[in-house]
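Novice: I have a structure here, written as structure tokens, and I will follow up with some questions on it.
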Amino acid sequence: MERWLLLCFFVAYFSLTFAWRSWRVWRDTGINPYVLPAGDSLQGFCAKAFRLVLCTVAVYAVVQALMPGIDGILGDIELLAAPPIQLLGWTLLIASFVLVGVAQIQMGASWRIGIDTQRNTGLVSGGLFSLSRNPIFLGMRVSLLGLLFVRPNGLTLALLATADLLMQMQVRQEEEFLLQRHGAAYIDYCERTPRWI
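Residues 433 to 629 in the numbering used here are what the sequence shown lists, from first letter to last.
Structure representation (structure tokens):
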């Protein structure tokens, strides 16, 4: 039952935080918020690699529901295989879902998947963005940590480590862009708000 619950969680997570939110921004503004490049730049590399990570999470969510023995094949991490850690994992998954959803709502029409160099968007610095400059990426990091705690194996550990590295690179590219776009206002924002928490 819990394996199917994990699959349902990720179906809801991807549907609401990526698909539905993208549709809402497009419907409200006429702008496609999906602006990840396909080229050979660093941003293009990060985009391709992160899509691979998300696809792997989605496939794993399906496979772990259909094949209960898959975690043993993927290298169980016995140290983390304890009911209190698993409960913490579920708590982190739910908290990340809420965090990402609220942050996306607070971004409103400025929300994008990638760096939108074609259109000006406002600098969002209120709400969750007054506590963290990157609450959406923070929520995604928390979700992958939660997945590791719920299903501790070599694959979920590798997904967490890979995604974290990619998000660190993406955030720094976005910071350079926002500095160029917003100048002193962004410098002030960075001085009063941490990158993560």
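Beta carbons: idealized from backbone N, C-alpha and C, even for Gly.
May I ask you to list the residues that DSSP assigns as paired with Ile-545?
Specialist: Answer is Tyr-466.
Novice: Tell me the rounded alpha-carbon separation between Ile-619 and Cys-478.
Specialist: One C-alpha to the other measures close to 25 Å.
Novice: Measure the beta-carbon distance from Tyr-466 to Ser-447 and round it to whole angstroms, keeping in mind my assumption that it falls under 8 Å.
Specialist: Contact flag wrong, Cβ pair sits at about 15 Å.
Novice: Just to confirm, are Leu-577 and Val-489 a CB contact at a threshold of 8 Å?
Specialist: For Leu-577 and Val-489, no; Cβs fall outside 8 Å.
Novice: Flag this pair as touching only if the stretch 563-582 and the stretch 500-507 have three or more C-beta atom pairs under 8 Å; answer yes or no.
Specialist: Flag = no, the stretch 563-582 and the stretch 500-507 do not touch.
Novice: Between the Cα of Glu-510 and those of Arg-583, Arg-604, Leu-598, spot the shortest distance and give me the residue it belongs to.
Specialist: Taking only the C-alpha atoms, the option nearest Glu-510 is Arg-583.
Novice: State the Cα-Cα distance for the pair Arg-459 and Ser-542, rounded to the nearest angstrom.
Specialist: Approximately 13 Å between the Cα atoms of the pair.
Novice: Would you mind stating whether Gln-538 and Gly-554 have Cβ atoms separated by less than 8 Å?
Specialist: Contact: no.
Novice: Less than 8 Å separating the beta-carbons of Leu-531 and Val-491?
Specialist: Contact flag unset, no.
Novice: Compute the Euclidean distance between the alpha carbons of Met-433 and Glu-608, then round it to the nearest angstrom.
Specialist: Going by the C-alpha atoms only, they are around 45 Å apart.
Novice: Below 8 Å, can you find three or more Cβ-Cβ pairs linking the stretch 518-534 to the stretch 562-573?
Specialist: Short answer: they touch.
Novice: Considering only C-alpha positions, which residue in the set Gly-462, Met-601, Leu-587, Leu-498 is nearest to Trp-436?
Specialist: Closest option to Trp-436, Cα to Cα, is Leu-498.
Novice: Of the choices Cys-622, Pro-626, Tyr-445, whose alpha-carbon is the least far from that of Leu-524?
Specialist: If we check each option's Cα against that of Leu-524, Tyr-445 comes out closest.
Novice: Taking the C-alpha atoms as reference points, what is the distance between Ala-527 and Ala-535?
Specialist: Those two C-alpha atoms are separated by around 12 Å.
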